[in-house]
Amino acid sequence: MDKILSVGIDIGTSTTQVIFSEITLENMASGFTVPRINIIDKKVIYKSDIYFTPLISQTEINGEKIKEIVEKEFKEAGVDKEKVSTGAVIITGETARKKNASLISEQLSDLAGDFVVATAGPDLESIIAGKGAGAAQLSKKENRIVINFDIGGGTTNIAVFDSGEIIDTTCLDIGGRLIKFDQDNQIIYVAEKIKKLAAEIGIKIKENTQLKQSELKKITEKMAAILVETVAAEEKSDLYQYLITNHGLSQKIEPDYISFSGGVADYIGQEIEPEENIFAFNDIGILLAQQITHSPLYQDYKIVKAEETIRATVVGAGSHTTDISGSTITYNGDVFPLKNVPILKITAKEEANKPADLVEIIKKKLDWFDLEAELQPVALALKGKSNFSFKEITELAKIIVSGMDTIISNRLPLIIILENDAAKVLGQTINRLLGQKEDVISLDGIKVNNGDYIDIGKPLAKGKVVPVIIKTLIFGK
Amino acid sequence: MISERDLRDIVKEVLKEVGADNPKTVEKVENEVQSAVSGTSTEVESGVIADITEVDLKKELLVPNPADEKAILNLKANTSARLGVWRTGPRYKTQTLLRFRSDHAAAMDAVFTDVSDEIIEEMDLFRVQTKCQDKDEFLTRPDLGRQFDEENLAKIKENCKDKPKVQIYVADGLSSTAIEANLRDVFPAIKQSLEGYNLEIGTPFFVKYGRVATMDAISECLDAEVSCVLIGERPGLATAESMSCYMAYDAKVGMPEANRTVISNIHSGGTPAVEAGAHIADVIKAMLDQKASGLDLDI
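Order-wise, the sequence lines are chains A and B.
Heads up, the first sequence is in full-length UniProt numbering, so the first residue is 1 and it goes up one at a time.
Heads up, the second sequence is in full-length UniProt numbering, so the first residue is 1 and it goes up one at a time.
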């Protein structure tokens, strides 16, 4: 049994948090068979305070302050950077669109540990929040469709899971801090998209004015109605389309359960007493929560309580981003960790091509990565058969060696990602073809798609497995 | 089976009871019954009966109107146990019973057939035999299934490289089917991997009527450092094609069983043969590095 320490850092529109979790690996196979290392437990062992995300201006994150927070929390938790094996930094919500976001997440990931990766993008945020909220696990346990709404300060990240598998994601620009007030209830910030939403229902909203509570109620009521459309409307309204952050759902979703996470979720289904506490956070978060409570989303569907609400994303980043490879893999050379490796995926249909054609397909796809301009490793991903013969493996190895020639001749590590269990023999066959001279990394038990990126960490469990973090940029396209 | 005479008596008896016992009627009825019973009907149907062994049991749903179809199928996907087979009265349904019997028959066949000459030749193996003379003796005398007579030992000594670092050989064990199904894929994978480690492999051969502990006699005879036998496992109802690989460092007659290492469950529904082969080579490498096997081996 192996225990590894993982860190999650979430810099959201409104709050910044850090957690540490302990991930336990164990060989689940009997001693008489090929090993099968699984993640058997994930336990959050430390949760930081919840900080307001420090900003320099509305468009810039205060990197120095964030660094201070993270360093302080490492100290509070008594965790050495060297002890952290894996984890993720995620900049979420509106904050992700601040101009210095990616720079800060890169700096933080180095600060936090060797294999702590920087992530971004609404799709991955939705998936991470859904896992942190427990929606993925519930869906797996009950074999049901669960949709999680992670309603934060700037965005609502939506993830749909069926039997534990992510099947769809979307993100809307709806959140609790898209309108902010000062002590005197004067509006000090309102997001552009919310101005338009308000205008649609005949309310004019702008900074340095005040609105009646009844008008704010109407605005949040409309925001809730947009959320309802996600599951209830066959045809989405123009306003809904306008509020989509990146892309809409790709299918009609009929959820068995709905769960809510994010800061706003804490107030969904709650009565607020006394009434004036409704603006306790100087924003519209609680008001939005109330409108959601009264909407069909809460009233007409089966609601399950999320395991985490405001901490869903940070727990997801710390506990649920790391996967492990299959337990029979091939790697040589000390090349780990490998970060931000783009995926070149060969579809099952393409795999069925004649060898010569498949070589051409791989070559052509590899050209897309424009290696001449910038040399970088690219991971070739394919499903593979569940029962290759040795002849077929040899054939496939030859195809890969010719198809990935640009990678090999540039002495970049050759990275192969299979779904089915054949990575060890495939890697060894490629090694033989290459005269055991090149860095070959052949992993299995990992499902990735075109457009994903993969991070591969240092081997664990006596070198039998490697940790991987898959970063989905665009889901399902 | 009813004899012809019994049949005639029954027909007579019945016709008498219904009052139609004149000789002509009796003869006509007798002939009809006779032809029906002996199946001499000349009509040939062109239909095909579906092969019940083609059905993937893990994906087969037999529970009528299940409350949660997805849940049953998810459960079934994780086991080869025959879950949710339903019933008729207190019994299995016909389909379930027939499939059970056919799988049982496949298991019996795996034990009682011989490994074919084709595969032994294809894999370029020479053959030796234990002290067992036939399958019955092999099944009833485990002791003889691990010993060789002088002649066979001499043949091994004569044909094999002496003092190999790794001696790999094949034995039928309790499933010839397993050898036929996996050897072509597992052996070259082990070989390729060991060559990648620059490890020298001895001369492979085939042992008929061989049990696991043949490795002790073979290891002593050739003075092998690591011995490794690819052997058919006792077949079960889940599969008749499962192969094991038993390995030992410095095997000797009378060695404790705990000093053997095994990788079992090599078949299309278990560990894929090629991948198992690649893993076996790693285990062999670890044995040579640590000069140990079985419980003493740390992997």
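Glycine is no exception: its CB is placed at the ideal position from the N, C-alpha and C atoms.
A:T328 sits close to B:A278, with the two beta carbons spaced by under 8 Å.
Residue-level contact by beta carbon holds for B:R184 and chain A, with a gap shorter than 8 Å. For A:D421, a Cβ of chain B is located within less than 8 Å of the residue's own Cβ. For B:C221, no beta strand (DSSP E) segment is defined; the enclosing uninterrupted segment is the alpha helix (DSSP H) at 214 to 222. With contact defined as three or more Cβ pairs closer than 8 Å, the stretch 264 to 274 of chain A and the stretch 107 to 124 of chain A are not in contact. Leaving aside the five residues that flank A:K385 on each side, the residues in its chain whose CB is nearer than 8 Å to its CB run, in chain order, E392, N420, A422. Contact annotation for A:Q436 against chain B: G196 [CB-CB distance below 7 Å, chain order]. Using beta-carbon distances, B:P256 does not count as an interface residue toward chain A, since no partner is under 8 Å. A:N450 has its alpha-carbon roughly 38 Å from the corresponding atom of A:E200. Counting along the chain, the unbroken alpha helix (DSSP H) around B:D103 starts and ends at 94 to 112. Here A:P342 is not near A:S85, since their CB atoms are 8 Å or more apart. Relative to the Cα of B:T113, the nearest Cα in the group B:L174, B:C228, B:S268 belongs to B:L174. For A:E26, the enclosing beta strand (DSSP E) stretches over residues 15 to 27.
Contact between the stretch 196 to 211 of chain B and the stretch 262 to 273 of chain B is not established, with fewer than three Cβ pairs separated by less than 8 Å. With respect to B:Y209, B:F138 sits close: the two C-beta atoms are nearer than 8 Å. The C-beta distance from B:V115 to B:S176 rounds to 4 Å, short enough to fall under 8 Å. A Cβ-Cβ separation of about 17 Å leaves A:L396 out of contact with A:V378 under the 8 Å criterion. Looking at the backbone, the Cα of A:V231 and that of A:Y240 are separated by about 12 Å.
Using beta-carbon distances, B:T96 does not count as an interface residue toward chain A, since no partner is under 8 Å.
Between the C-alpha atoms of A:G175 and A:T155 there is a straight-line separation of about 5 Å. Considering only beta carbons, no part of the stretch 96 to 120 of chain B lies closer than 7 Å to chain A. Only those residues of the stretch 429 to 459 of chain A whose C-beta falls short of 7 Å from the nearest C-beta of chain B are listed: T429, N431, R432, Q436. Assigned with DSSP and collapsed to three states, A:T155 falls in coil, not helix or strand. Contact annotation for A:K424 against chain B: E275, A278, H279 [CB-CB distance below 7 Å, chain order]. At the C-beta level, A:I61 and A:N100 come within 8 Å of one another. Between A:I127 and A:A159, the gap from beta carbon to beta carbon is short of 8 Å. DSSP places B:M247 in the uninterrupted beta strand (DSSP E) bounded by 243 to 249.
Listed along chain A are F390, each with a C-beta nearer than 8 Å to that of B:P188.
Fewer than three Cβ pairs drawn from the stretch 246 to 255 of chain B and the stretch 181 to 193 of chain B lie within less than 8 Å of each other, which leaves the two stretches out of contact. Residue environment analysis places A:M223 among the buried positions, since at least 16 neighbouring C-beta atoms fall within 10 angstroms of its C-beta. The Cβ atoms of A:A373 and A:L344 do not sit closer than 8 Å to each other. At a cut-off of 8 Å between beta carbons, A:F161 makes no contact with chain B. Of the candidates A:K462, A:D444, A:A461, A:I470, A:I470 places its Cα closest to the Cα of A:D455. Looking only at B:K131, B:T94, B:S293, B:M123, the smallest Cα-Cα distance to B:I52 is reached by B:T94. Classified as exposed, B:E27 has fewer than 16 neighbouring CB atoms from the shown chains inside 10 Å of its CB.
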